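Below: the structure, in structure tokens.
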Amino acid sequence: MRRAQTTLRTTVSIEGVGLHSGHPVRAHFRPAPADHGLVFVRSDHPGVPIPARLSSASTFDYATTLAAGGVSIGTVEHVLSAAVGEGLDNCSIEIEGSEVPILDGSALPFVRLFHAAGFERLEASVRPFHLSREVSVTRGDRSIRYEPDGSALTITYEIDFPHPVVGRQSLTIAVRPEEYSARVAPARTFGFARDVENLRARGLVRGGSLHNAVVLDDTGVISGPLRFRDEFVRHKILDLLGDLALLGRPLTGHIYARKAGHALHIEFARALAAAFRAPADKGFARSPQPEAAIGS
Ligand SMILES: [Zn+2]
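Taking our numbering, the leading residue of the sequence shown gets 72, the next gets one more, and so forth.
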């Protein structure tokens, strides 16, 4: 993967509600120079940039939150997924509020917004993140594994929820903009109606509704038709891509994820970053080495 870094051609904005706060929030996406990366800034703390990097990752309770300099920004994973999926490398994302708007619960509104702005190629190349050996994290029956594989990124995700419309779903996606926007970006977040009261008591999902999530009861979907029969596993791929954006560079290889979630996604991204920093592997070695296993 040798391509020019990109940014948006012009500033674009979007408005919605925060998933957890329920408050109205506006987001502005501005062009940024090469090597700037994806950086959030809250309009009430304009001097405190919050880079979309692993060093900023703070909590992963039903969403990924970033924090820097005592300022946090919540629910970043869908907009970051859209950026990674569409190949947007540099952008300043100003938020009038404390979390990114949830919109329809998918990444599609962000993809459409980026397309409306258009992409500008910059005078610098991306430096893809590539390892020459396996990395895996395992927690019980949940796991994520990285395998070196070619010059692109492929994700295989498998979920298994004991529910009549979910069940076992597995999907492999080659992460390219046209594939991402058609097969991954439209997949919405999902949750169970019976969890809502408990989550609201904890100050979460106050902006959640049948309009921004696939909502399940014990037997079916109560929020209208699905966009894909396997919308659930597609959204897991969407979330994983958003969390991997925190590596700060495009990733190449094949990732196999099983029954994971935000916390394991971030742990896996940290294991990848650590393996990349290890002196034995700067990404140039050609022969496979023993697996770097983390966890039990
Ligand atoms: Zn999500």
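Heads up, the beta-carbon is just placed ideally off N, CA and C, and yes, glycines get one too.
In this text the structure is predicted, and so the values were computed from the model without any measurement.
- Among the bridge pairs identified by DSSP, R101 is matched with S163.
- With fewer than three CB-CB distances shorter than 8 Å, the region 194–207 does not count as touching the region 163–176.
- Residues whose Cβ lies closer than 5 Å to any heavy atom of ligand 1, listed in chain order: T260 and D310.
- Secondary-structure assignment with DSSP links R348 through no beta bridge to anything.
- In the three-state reduction of the DSSP assignment, H116 falls in the coil class.
- About 25 Å separates the beta carbon of L179 from that of T323, a gap too long to meet the 8 Å contact definition.
- With contacts defined as CB atoms closer than 8 Å, E302 and A264 fail to qualify as a contacting pair.
- Cβ neighbours of G291 within its own chain (closer than 8 Å, five residues either side excluded): P235 and V236.
- Around the CB of S84, fewer than 16 other CB atoms lie within 10 Å, so the residue is classed as exposed.
- Take the alpha-carbon of A331 and the one of G313: they are about 14 Å apart.
- Annotated three-state conformation of L179 is helix, per DSSP.
- Under the 10 Å beta carbon count, L281 is surrounded by fewer than 16 other beta carbons and is classified as exposed.
- Going by beta carbons, V197 and Q76 fall inside the 8 Å limit.
- The beta strand (DSSP E) runs of length 3 or more contained entirely in the region 191–262 are, from start to end of the chain, 206–210, 213–218, 224–232 and 238–245.
- Per the coordinates, the alpha-carbon of V88 lies some 35 Å from the alpha-carbon of T209.
- Relative to the Cα of A345, the nearest Cα in the group T135, S207, P104 and F181 belongs to S207.
- For S152, the uninterrupted alpha helix (DSSP H) segment begins and ends at E148 to E157.
- Under the three-state reduction of DSSP output, H333 falls in the helix class.
- Short of 6 Å from the beta carbon of V112, and not among the five residues preceding or following it, lie these beta carbons of its own chain, in chain order: P120 and E165.
- By DSSP's assignment, F111 forms a beta bridge with I121 and I164.
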